[in-house]
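Per the numbering used here, the sequence shown starts with residue 15, numbered consecutively.
Yeah, the Cβ is synthetic: ideal placement off N, Cα and C, and Gly gets one too.
These figures come from a predicted structure and were not determined experimentally.
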Amino acid sequence: MKKGKVFVALVMLLVGCSKPVVQKKEPPKKPLNSHFQVVKHYETKSVAGDSANFHYLERNKLYTSMERYDQEILLQYRSKSLGYIDITNGKYTSIYHFKDRVRCWDFFVQGKGFYYSEFEEDGEIVTVGYQENGQRKKIDEGVVVNPWALPMFNKVEGNRLLYQIITRENGRHFHQLKTINLDYPNDVKTLYKEEVKPEINSNYRYSVNQNRVTFNKREGKKGWYLSLDLKTGKVTDVTGVIEDPIISDALYLGNNQYLLENIDGHSSVVYDIEKKKKSLVLGGIEAYG
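As structure tokens, this is what we get:
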């Protein structure tokens, strides 16, 4: 989904449905050594073993999933409920409760229902679907061979929902990027598909900005960073000056420029893909105008 800039700090351990705020605390009066300002600070009571995952912010609603620790399920947490936190008062409101032992990895509310990606306790199959009025419709199905590649949703232009998934076809595995028409769940488009090895690595991070999806691919010890234009479907190699795309991230900035970052935190560069040169170096002593 589109991530807005949020200048709100929510410090919460939440449980239950529509719980009122137990205590409202004033922001610290002493200035903090930070670029961010604490605007509102809420705390509520919790139950040991519960946790909250924040998925996306839409207006005043921070959509959240509540989980309970369960060591027998993959990644050790099962879903309790889906809902949202009103960031104006800190109240959590549930929109769906889980009865089965499943993990909802991501969800996106649309109309009277919501899109979801989830896997059951055996952790073998991940399902993408839509639920409304208690009725579920399966849209897609993949395999859980790499937690980094589990479907996470991003809303993109054209009223569509972008996600990635690894599928298994005749014993072969494929990494795919797809979109769903938010108003018509049957309308699914495959934007990118490539055969991959069923192994666990951090090879499936991707970013979305200005109709460009940047993501990395890997073959053995060699890696690339690619850019997919959502309007044309064209895939471009934007590896640029990144020394190791396997441990790096990239984000499209517009005007043919990409922010290429080494996730070890040492440096980042702004790279012009048409001019094939750096326009700015961050984290180092060099800077190019």
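Local Cβ density within 10 Å of residue i, reported as buried at 16 or more and exposed below that
i	result
I99	buried
I139	exposed
R226	buried
G247	exposed
F212	The amino acid occupying residue 212 in the given sequence is Pro; Phe does not appear at that position. That one is exposed.
V283	buried
K94	buried
Beta carbon of residue i nearer than 9 Å to that of residue j
i	j	result
N200	I180	no
G172	V158	no
E209	R186	yes
D251	Y266	no
L196	R174	yes
E132	T141	yes
V123	Y77	yes
L274	Y285	yes
V170	L244	yes
K242	L205	Checking the displayed sequence, the identity of residue 242 turns out to be Leu instead of Lys. Yes; because the gap between Cβ atoms is below 9 Å, this pair is in contact.
CB-CB length for residue i against residue j, believed under 8 Å
i	j	result
G127	E155	Rounded, the Cβ-Cβ distance is 19 Å, inconsistent with contact.
C118	Y106	At roughly 16 Å, the Cβ-Cβ gap does not stay under 8 Å, so C118 and Y106 are not in contact.
Spatial neighbours of residue i in its chain, beta-carbon cut-off 6 Å, leaving aside the 5 residues before and after
i	result
L96	S79, I109, Y110, F121
V2	Residue 2 is absent from the model: the chain starts at 15 and stops at 303.
R150	G143
I287	V252, N270
T193	R174, L176, K203
D84	R92
Residues near residue i in its chain [Cβ-Cβ closer than 7 Å; skip 5 each side]
i	result
K289	none
R207	The sequence shown places Lys at residue 207, rather than the Arg named in the question. Once the five neighbours on either side are set aside, the close Cβ partners of K207 are F188, Q190.
I153	V142, G143, Y144, I194, P199, V202
H69	Y77, T78, S79, D120, F121
Heavy atom of the ligand MN within 8 Å of residue i beta-carbon
i	result
N200	With respect to small molecules bound, the structure shown includes none, and the ligand MN cannot be examined in it.
Cβ shell of residue i (< 8 Å), same chain only, five flanking positions each side left out
i	result
R219	W162, F229, N230, D263
D114	E134
Q306	No information on residue 306 is available, as it lies outside the stretch 15 to 303 that the chain covers here.
E4	No answer is possible for residue 4: it lies beyond the span of the chain, which begins at 15 and ends at 303.
*What are the uninterrupted segments assigned as beta strand (DSSP E) that are 3 or more residues long and contained completely in the segment 137-180, given in chain order?*
Taken in chain order, the unbroken stretches of beta strand (DSSP E) that lie wholly in the segment 137-180 and span 3 residues or more are 139-146, 149-157, 168-170.
_3 or more residues per run - each beta strand (DSSP E) lying fully within the segment 180-267_ = Segments of the beta strand (DSSP E) lying fully in the segment 180-267: 186-195, 198-210, 220-223, 226-233, 236-243, 249-251.
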